[in-house]
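>
In this note's numbering, the protein residues as written are 16 to 235.
1) Could you check whether residue 157 and residue 183 sit closer than 8 angstroms to each other, using their CB atoms as the reference points?
2) Tell me, please, whether the stretch 54 to 69 touches the stretch 82 to 95 by the rule of three or more beta-carbon pairs shorter than 8 angstroms.
3) Return the bridge partner residues of residue 143 from the DSSP annotation.
4) Rounded to a whole number of angstroms, what is the C-alpha to C-alpha distance between residue 39 and residue 47?
5) Specify, as a first and last residue, the run of the beta strand (DSSP E) that residue 83 falls within.
6) Go through its chain and collect everything with a Cβ distance to residue 31's Cβ below 6 angstroms, but skip five positions before and after it.
7) Tell me, to the nearest whole angstrom, how far the beta carbon of residue 75 is from that of residue 125; I am working on the premise that it is less than 8 angstroms.
8) Could you give the DSSP three-state label for residue 60: helix, strand or coil?
9) Suppose you measure from the CA of residue 96 to the CA of residue 60; what does that come to, to the nearest Å?
10) Can you give the Cα-Cα distance for residue 155 and residue 225, rounded to whole angstroms?
11) Quick check on the DSSP output: the beta strand (DSSP E) that includes residue 175 runs from which residue to which?
12) Terminal residues of the continuous beta strand (DSSP E) containing residue 72?
13) Go to residue 133, then tell me how far its beta strand (DSSP E) extends in each direction, as first and last residue.
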């Protein structure tokens with residue numbers, strides 16, 4: 016995998032956009048001291064921020080509190096607009112796990128000022144991404160998909176897509192109403208509770224029975 020081409024079992028995709036969904040798990044909303052949204056909270060990361068498994072992650076210089084947020088990540092395989100929820104899963108080419116790295120101290124300051132989140136969410140290397148597996152609806156249940164995040168072998172986050180406030184079908188439907196989806200679009204679908212800080216030397220691993228384990232080491 017590179018930041019320019021992603022292969023999914025014989026098909027090659029050029030990443031177009033990274034859509035990220037915030038506040039999509041109720042327990043995570045609560046741990047942030049926030050309220051559940053009435054519609055998906057959407058922000059974006061640059062494609063160049065993708066980091067392949069095994070690479071070293073470097074702490075950004077403009078923040079001090081780096082948080083891990085494990086998420087189920089989708090690759091869109093065909094274009095569409097106003098996709099019906101009933102057909103939404105047919106637009107998925109691949110599935111993996113990723114980390115929505117967040118500078119929580121920077122995000123808190125920006126929120127208080129009513130400013131955009133880019134400095135806290137879209138910094139260099141903010142989108143570590145596992146290798147994609149072809150999505151097969153007959154063997155992968157996106158309505159009951161378990162995944163975890165561990166730091167130095169200790170469990171930090173444990174989630175299941177059944178707890179999403181806006182399930183995968185609904186996310187694709189809504190996103191395709193706001194943008195015309197394109198092959199190569201990537202969707203980070205939100206993180207469960209348990210987000211926490213990372214420090215120098217930490218090894219963060221994200222895992223599911225479907226995708227396997229992906230890990231990165233933090234440096235400064």
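For every residue, glycine included, the Cβ atom is placed at its ideal position computed from N, Cα and C.
According to the data block:
1) yes
2) no
3) 66
4) 12 angstroms
5) 81 to 83
6) 197, 199 and 200
7) Contact flag wrong, Cβ pair sits at about 14 angstroms.
8) strand
9) 21 angstroms
10) 8 angstroms
11) 169 to 175
12) 71 to 73
13) Residue 133 -> not in any beta strand (DSSP E); alpha helix (DSSP H) instead, spanning 133 to 136.
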